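Chemist: Below you'll find the structure I mean.
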Amino acid sequence: MSDTEKRRVAILISGRGSNMTALIEAAKAQGFPAEIALVVSNKADAGGLKIAAQHGITTTVIESRPFGTDREAFERALQDKLTASRIDLVCLAGFLRLLTPWFVKQWEGRMLNIHPALLPAYRGLHTHERALADGVKIHGATVHFVVPEMDAGPIVMQGAVAVRADDTVETLAARVLAVEHQIYPDALRLVASGGVRIENGVCRTRATGPADDRLISPAVI
Ligand code: GRF
């Protein structure tokens, strides 16, 4: 696939950027239908900025703090940058900023987020703590289209892990993060290649589940 046919993607980060890194590395594969054209951080000290630069990706910092409570003014600056960079798709990857309905509308059906839980369970923060406190046996991560409501929106892809009896927040988070690094690039590949459509708020895809599609937890031995 030539570069002119690839969807131009901007990744928005606020922190360490491990999902961003997974997307950048996946997009290097021949035939990947998207290229990471830009990384934007709303924090100048986000660790992911350095990693993106090391990969030769253009980075921009648009500090959100000086805009204070004027969220739309920040988003207009962001929107100007995305437009100037001819961005087709936006991937939120640990972007710690609530988005206004105005900005979400600009990117309707073209903005993805990754959330560390099997939505619609555990929207919001501290998902792993809450899953462990509830004693759920299966947990995971979700890639979804962004809608004005937080941690909602058409689900593109989910990945699950079995919760172990001796899991701590850290061990569970690490296994879920590994799943995130797999499903975010896969979901971007699917979306960028035109493999999904949204019907009545639900994401439909040609892709099916794996042949061995059961995950039962705990395993009884
Ligand atoms: C991830 O757990 C992601 O699911 C959530 O924020 C975290 C970002 O981590 N939205 P990283 O910056 O991608 O390492």
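Numbering (the working numbering) for the sequence shown: 158 to 378.
Idealized CB from N, CA, C, for every residue including glycine.
These numbers come from a predicted model, not from an experiment.
My assumption, with CB atoms under 8 Å, is that residue 250 sits in contact with residue 168. Please give the rounded CB distance.
Modeler: Contact flag correct, Cβ pair sits at about 5 Å.
Chemist: Is it right to say residue 283 is buried, meaning 16 or more other beta carbons lie within 10 angstroms of its own, or is it exposed?
Modeler: Result: exposed.
Chemist: Measuring straight from C-alpha to C-alpha, what distance separates residue 200 and residue 369?
Modeler: Approximately 42 Å, taken between the alpha carbons.
Chemist: To which residues of the same chain is residue 188 closer than 7 Å at the C-beta, ignoring the five residues directly before and after it?
Modeler: Once the five neighbours on either side are set aside, the close Cβ partners of residue 188 are 158.
Chemist: Taking 7 Å as the cut-off, does the CB of residue 199 come closer than this to any heavy atom belonging to the ligand GRF?
Modeler: Residue 199 Cβ: outside cutoff for every heavy atom of the ligand GRF.
Chemist: Compare the C-alpha of residue 305 against each of 256, 352 and 276 and name the closest.
Modeler: With distances taken between Cα atoms, residue 305 lies closest to 256.
Chemist: Extract the residue ranges of the alpha helix (DSSP H) inside the segment 190 to 261, only unbroken runs of 4 or more that lie entirely within it.
Modeler: Taking only runs of at least 4 residues, the alpha helix (DSSP H) segments lying wholly in the segment 190 to 261 are 204 to 211 and 228 to 241.
Chemist: Relative to the ligand GRF, is the shortest distance from any of its heavy atoms to the C-beta of residue 295 smaller than 7 Å?
Modeler: No, since every heavy atom of the ligand GRF falls outside the 7 Å radius drawn around the Cβ of residue 295.
Chemist: Tell me the DSSP secondary structure of residue 364 in three-state form.
Modeler: Reduced to three states, the DSSP call for residue 364 is coil.
Chemist: Measuring only from the beta carbon, is residue 332 closer than 7 Å to any heavy atom that is part of the ligand GRF?
Modeler: Not under cutoff, so the answer is no.
Chemist: Which word fits residue 175, buried or exposed, when buried means at least 16 other C-beta atoms lie within 10 angstroms of its C-beta?
Modeler: It is buried - the Cβ of residue 175 has at least 16 other Cβ atoms within 10 Å.
Chemist: Using the beta-carbon count (16 or more within 10 Å), is residue 222 buried or exposed?
Modeler: Under this definition residue 222 is an exposed residue.
Chemist: In whole angstroms, give me the CA-to-CA distance for residue 198 and residue 276.
Modeler: Going by the C-alpha atoms only, they are around 25 Å apart.
Chemist: Beta-carbon separation of residue 341 and residue 235 under 8 Å?
Modeler: No.
Chemist: Measure the alpha-carbon distance for residue 286 versus residue 253 and round it to whole angstroms.
Modeler: Distance between the alpha carbons of residue 286 and residue 253: 19 Å.
Chemist: Within 8 Å, do at least three Cβ pairs link the segment 237 to 244 to the segment 200 to 211?
Modeler: No: fewer than three Cβ pairs fall under 8 Å.
Chemist: Considering just the uninterrupted stretch of the beta strand (DSSP E) at residue 180, what are its terminal residues?
Modeler: Counting along the chain, residue 180 falls outside any beta strand (DSSP E), though it belongs to the alpha helix (DSSP H) covering 175 to 184.
Chemist: Applying the 10 Å Cβ sphere with the 16-neighbour rule, what's the burial state of residue 372?
Modeler: Result: exposed.
Chemist: Please classify residue 165: does DSSP put it in a helix, a strand, or coil?
Modeler: Looking at residue 165 - three-state DSSP - the assignment turns out to be strand.
Chemist: What alpha helix (DSSP H) runs, 4 residues minimum, are completely inside the segment 313 to 377?
Modeler: You should have 326 to 349.
Chemist: So, is residue 378 buried or exposed, given that buried needs 16 or more other C-beta atoms within 10 angstroms?
Modeler: The residue is exposed, with fewer than 16 neighbouring Cβ atoms inside 10 Å.
Chemist: In the DSSP assignment, find the unbroken alpha helix (DSSP H) run with residue 285 in it and report its ends.
Modeler: 284 to 291 is the span of the alpha helix (DSSP H), which, as asked, contains residue 285.
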